[in-house]
Structure formats: structure tokens, C-alpha cells
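Just so we're aligned: the sequence shown equals residues 500 to 791 in my numbering. Some notes on the structure that comes next.
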Amino acid sequence: MNTNIQSISQGLLLFWLTPTQRFALGTFKIKEIVPFTPIRPMPESAHAVLGAANIRGATLPVVDLAAAMGGKSLSDEDQRSGFIIVSDCQRKRVGFLVRKLDRIVQVQGKDIEPPPRQLGKSAYLTGVTRVDDTLVQLVDVERIFANFDIATATPPADDLAAQASALKALNILVVDDSSVARKQLGDALQALGVAFRITDDGREALEMMQADARNGRPVDLLVSDIEMPGLDGYELSFAVRDDPALAGAYLILHTSISSEISVSQAHQVGADEALTKFDVNELISAMLRAVK
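Structure representation (C-alpha cells):
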């Protein structure tokens with residue numbers, strides 16, 4: 500096997516929620532950035548949802564990102580001088596109000612690490628990296644969406660559920676760094692009675708696949724997130740296709756990124772399909788194509 504795993508850089512938008520800590524969002528998740536614009540309150544909305552704003556003719560919910568992540572809400576002054584990051588993620592457009600913008604940087608997946616364990620499971624982070632020798636925290640957008648019920652999942656359609664028995668013969672591995680995504684995927688497969696294994700780490704997923712191949716039962720179907728610390732979905736796909744013992748797996752990249760670019764890159768690294776989270780019927784249909 501070629502041990503040189505193809506490394507694909509990813510863009511990160513750096514911004515400030517407090518005067519001392521920088522955070523980041525992947526640029527694939529961002530549709531546009533606009534200066535603060537008037538926000539109309541929304542009755543009975545969660546405390547971090549400031550209201551709705553009209554941006555280029557579309558009405559979008561606007562979330563105080565600092566408050567959504569469990570921090571102190573932005574002051575009125577910080578809000579008025581801040582910026583709205585319009586996120587195109589999980590088939591939804593939402594504005595995240597941040598205190599101040601920094602810049603866009605390019606980082607390698609290997610330079611992004613899982614969040615420090617001392618932050619606990621309550622941290623709204625998918626990873627951390629260093630820029631200018633200071634820590635930058637990557638925001639877990641999917642968890643924020645789940646908290647505000649911005650993203651929802653539906654049960655599988657009856658006709659797909661009836662076909663799901665064909666999946667029971669497959670060795671299925673799921674990898675995703677988001678706890679919300681892992682629960683959505685797990686709930687969908689458990690509802691169908693389909694056995695699977697799951698991990699939150701791309702490198703661990705690769706090691707699991709290599710061990711299965713050595714034991715004579717290689718993974719038949721891999722469902723992987725794209726943006727992950729350490730070894731991202733693109734790099735994982737390339738590594739799988741580059742290893743003859745693993746290359747027979749059907750690869751589905753399952754991402755919150757709503758982008759034609761991400762789909763194009765997924766095919767370039769050897770993935771069979773790229774889907775936007777989270778439509779359970781699309782996912783189950785794609786998994787059934789792996790059987791065929």
C-alpha cells in the first residue's frame with residue numbers, strides 16, 4: 500500500500516466571539532458574509548436566536564453564535580459592529596452573528612485535532628488547530644442546528660424499510676466527528692434493524708478497515724463525513740481506494756456541506772456518492788445501491 504495519503508487542504512474562516520478567543524467555520528459551509536443588518540424579533544424563539552433578517556431578498560433566522568455555544572451574549576454594541584455569516588449547511592440557510600472577522604486560512608486535515616477532552620462533551624466543537632501559534636476552535640454547526648431544531652430527521656419511508664433487509668449482510672462502517680450526526684445515522688440504521696459500527700475518527704476508521712481486511716471480512720460499505728480532524732473524508736476515501744485490500748468498499752461521503760464543489764472533490768478521490776445531510780431516505784437509497 501502507498502503510505503502517502505493524499506492531503507487536501509480546507510479553508511477556514513477565522514472570527515472572534517470574544518476579545519481573546521478565535522473560532523472557525525469551514526468555508527464550504529459559508530454562503531456569504533454581510534455586515535450587521537436590522538433583525539426582526541421572532542416570538543417564542545430560543546434565547547440565542549436573535550430573530551430574522553432579510554438578506555438579498557431571503558428571510559433567514561439569525562443566531563447569536565456566542566450565546567448558542569453557551570457563552571455570554573454579544574452586547575448591543577458588538578452586535579451592531581459585527582458580521583452575519585450566512586451558513587449553507589444541512590440544506591438550511593442560517594445567519595450566525597459574530598463579533599469580528601479575522602481572515603481565511605488554508606489548513607491540512609492532519610493539522611486539525613479533536614477537541615481537548617477537558618472541554619467535555621458539552622463543547623460545541625469538532626476540532627482545534629493552531630494559527631499564528633494560537634489555538635483556534637472549529638464550531639460544531641450540526642450540534643447548534645440540533646439544539647435549535649433547525650435540522651430535523653424523518654424516519655425511513657416504508658418502501659425503503661422493506662428493502663433494508665438486504666443491508667443486513669453487509670459489513671457497514673460509519674465515521675463522523677459530530678455527535679449529532681452519529682446519533683442521526685445510528686437511529687436510522689437501528690430503526691431498520693441493520694448492524695453497523697461507528698467511530699468519530701477517520702484514522703481509526705482506516706485502521707478498523709485494515710484489520711477487517713486482514714481477518715478476511717473487509718468493509719463492504721463506508722459512510723463517512725467529509726470535514727473531520729486528523730484524517731478527513733477526502734483523505735480517508737483516497738487511502739481506501741489506494742489499498743487493494745480495501746478498495747472494494749462502496750464509499751458514501753455524507754456531509755453537511757451544501758456545495759457542488761464538495762461533490763466534485765468526493766468523486767475525484769474515489770467516492771461512489773456524496774450526499775448532503777440529513778435526508779434518511781436519500782441515505783438508505785444510496786446504501787441499497789451498494790448492495791446492487
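By construction, the Cβ of each residue, glycine as well, lies at the ideal position given by its N, Cα and C atoms.
Return the first residue and the last residue of the beta strand (DSSP E) that residue i is part of.
i      : result
ALA663 : No beta strand (DSSP E) holds ALA663; DSSP gives it neither H nor E.
TYR749 : 749–754
ILE671 : 671–674
GLN617 : First-last for GLN617: undefined, no H or E at that position.
Which residue wins for smallest C-alpha separation from residue i, given the options the options?
i      : options                        : result
VAL674 : VAL718, ALA645, PRO534         : VAL718
ASN646 : SER572, LEU573, GLY692, LEU564 : LEU564
SER723 : GLY715, ASN714, ASP741, ARG681 : ARG681
TYR623 : TYR749, GLU641, LEU573         : GLU641
THR526 : VAL604, VAL533, SER574         : VAL604
ALA545 : GLN662, PRO560, ALA785         : PRO560
ARG716 : TYR733, ILE671, ARG740         : ILE671
VAL693 : ALA661, GLU703, VAL638         : ALA661
VAL790 : ASP771, LYS776, ASP639, GLU703 : ASP771
ALA663 : MET541, ASP639, ILE783, ALA566 : ILE783
LYS667 : THR625, MET786, LEU774, LEU730 : MET786
LYS571 : LEU637, ALA547, SER508         : ALA547
ASN553 : GLY608, VAL533, MET568, GLY569 : VAL533
GLN520 : ASP632, LYS609, THR558         : ASP632
ASN714 : LEU745, PHE695, LYS528         : LEU745
GLN509 : PHE695, LEU669, MET707, TYR733 : TYR733
Give a yes or no on whether the C-beta atoms belonging to residue i and residue j are separated by under 7 Å.
i      : j      : result
ARG602 : LEU513 : yes
LEU511 : VAL627 : no
VAL779 : ALA665 : no
LEU735 : LEU705 : yes
ILE584 : PRO728 : no
PHE535 : GLY581 : yes
ASP577 : ARG598 : yes
ALA748 : LEU721 : yes
ILE538 : LEU524 : no
ALA562 : PHE595 : Looking at the sequence itself, residue 562 is Val, so the reference to Ala does not match. The answer is yes: Cβ separation under 7 Å.
VAL638 : PHE522 : yes
ASP731 : GLY608 : yes
ILE725 : LYS528 : no
If you count every other CB in all the chains shown that lies within 10 Å of the CB of residue i, and 16 or more means buried, which is it?
i      : result
HIS753 : buried
LEU750 : buried
ASP658 : exposed
GLU543 : exposed
GLN767 : exposed
PRO655 : buried
ASP711 : buried
LEU516 : buried
THR502 : A caution first: THR502 carries a pLDDT of 44, below 50, which makes its placement in the model unreliable, though a value can still be read off. Counting Cβ neighbours within 10 Å, THR502 comes out exposed, since fewer than 16 surround it.
PHE777 : buried
GLN689 : exposed
THR651 : In this predicted model, THR651 has a pLDDT of only 48, less than 50, meaning its place in the structure is not dependable; the value taken from the coordinates is given anyway. Exposed, because fewer than 16 other Cβ atoms sit within 10 Å of the Cβ of THR651.
Where does the unbroken alpha helix (DSSP H) through residue i begin, and where does it stop?
i      : result
ILE583 : That residue, ILE583, is in no alpha helix (DSSP H); its beta strand (DSSP E) goes 582–588.
ASN780 : 779–790
ARG702 : 701–713
LYS530 : Looking at the DSSP string, LYS530 is not in any alpha helix (DSSP H); the run it does join, the beta strand (DSSP E), is 529–534.
GLY732 : 732–741
VAL679 : 678–690
VAL640 : 640–646
For the ligand NAP, is there any heavy atom lying closer than 6 Å to the beta carbon of residue i?
i      : result
VAL630 : Ligands are entirely absent from the displayed structure, and the ligand NAP is therefore not among its contents.
**Message:** Any contact between the stretch 582–590 and the stretch 605–617? By contact I mean 3 or more CB pairs, one from each, below 8 Å.
**Reply:** No, the stretch 582–590 does not touch the stretch 605–617.
**Prompt:** Okay, do the stretch 671–688 and the stretch 697–707 touch, 3+ Cβ pairs below 8 Å being the bar?
**Reply:** Taking a cut-off of 8 Å on C-beta distances, the stretch 671–688 touches the stretch 697–707, as three or more cross pairs fall below it.
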